[in-house]
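Numbered by mature numbering (1 follows the signal peptide of the UniProt record, and there is no 0), the letters in the sequence shown go through residues -25 to -1, 1 to 124 in order. Everything on this sheet refers to the single structure shown next.
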Amino acid sequence: MALKPIRLELLVLLILSQRLPHLTAWLWVSTESPSEVRACPGKDVLLSCIFTVYPRPVRLQVLDVYWRRNNKKVARFYDFETDWRSRVSLFPEKLKKGNASLIIYQVDGTYKGHYVCQIRYGRQHQKIAIDLHLRTTPQEIAQCVAVDP
């Protein structure tokens, strides 16, 4: 039975924490989204950003989540500033469980681009990147219509 990649990383980090007792905290960031997401125009899209910290639980007072698109701020959890407040959202209630995913409501062409989720936890920081594209060809648009209820 193969271990999921994130589980293997956790195992490695656990072993390291046993070997390096001076290591006070660590952070691991991953995504369940592919590195390139093709969204349906007018639909909501979720960009996944999952993080694990040790020791647990997540201490929100040392957590800083920062989403950027093409190097411009999209959303942040620290003082919970957000740009495009009505069209972009984080899930603050899920941050304690390690979920810093970003949802974009009714995505259109202004939202396509290179997204980066950066997590800072104390002195640790890591990031993941996702490229968001819109489905534009007739075949892709047909797929969007086919999945509508």
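Beta carbons are placed, not taken as given, at the ideal position from N, Cα and C, and that holds for glycine. Bear in mind the structure is a predicted one, so any value in this text is a computation, not a measurement.
Item to complete: May I have the straight-line CA-CA distance separating residue 34 from residue 71, to the nearest angstrom?
Response: On the sequence shown, position 59 is the one that residue 34 refers to. On the sequence shown, position 96 is the one that residue 71 refers to. Their backbone Cα atoms lie some 7 Å apart in a straight line.
Worksheet entry | Range covered by the alpha helix (DSSP H) that runs through residue 120 | Taking the first residue of the sequence shown as 1, we reach residue 120 at position 145. Element bounds for residue 120: 113 to 121.
Item to complete: Within its chain, find whatever has a CB closer than 6 Å to the CB of residue 41; leave out the 5 residues flanking it on each side and keep chain order.
Response: Against the sequence shown, residue 41 aligns to sequence position 66. Once the five neighbours on either side are set aside, the close Cβ partners of residue 41 are 51, 93.
Worksheet entry | Range of the contiguous beta strand (DSSP E) that encloses residue 41 | Along the sequence shown, read from residue 1 onward, the residue named residue 41 stands at position 66. Counting along the chain, the beta strand (DSSP E) containing residue 41 begins and ends at 38 to 44.
Practice prompt. Name, in chain order, the residues that DSSP records as bridge partners for residue 47.
Written response: The count along the sequence shown starts at 1 and reaches residue 47 at position 72. 44, per the DSSP bridge assignment.
Worksheet item: Alpha carbon to alpha carbon, what distance is there between residue 66 and residue 2?
Response: What you label residue 2 is simply residue 27 of the sequence shown in a count that begins at 1. What you label residue 66 is simply residue 91 of the sequence shown in a count that begins at 1. Cα to Cα, residue 2 sits roughly 19 Å from residue 66.
Worksheet entry | Separation of residue 73 from residue 8, as counted between CA atoms | Numbered from 1 along the sequence shown, position 33 holds the residue referred to as residue 8. Numbered from 1 along the sequence shown, position 98 holds the residue referred to as residue 73. Their backbone Cα atoms lie some 15 Å apart in a straight line.
Discussion item. Does residue 80 come out as helix, strand or coil in the three-state DSSP assignment?
Written reply: Translated into the one-based positions of the sequence shown, residue 80 becomes position 105. It is coil, neither helix nor strand.
Worksheet entry | The beta strand (DSSP E) enclosing residue 13, as first and last residue numbers | Here residue 13 corresponds to residue number 38 of the sequence shown, with the count starting at 1. Here the beta strand (DSSP E) through residue 13 covers 11 to 14.
Worksheet item: Could you give the C-beta distance for residue 22 and residue 109, rounded to a whole number, given that I count them as a contact under 8 Å?
Response: As a working note, residue 22 is residue 47 in the sequence shown. As a working note, residue 109 is residue 134 in the sequence shown. That pair is no contact at about 14 Å.
Worksheet item: Out of 98, 106, 63, 83, which has the shortest C-alpha to C-alpha gap to residue 91?
Response: Along the sequence shown, read from residue 1 onward, the residue named residue 91 stands at position 116. Of the listed residues, the one whose Cα sits closest to residue 91 is 106.
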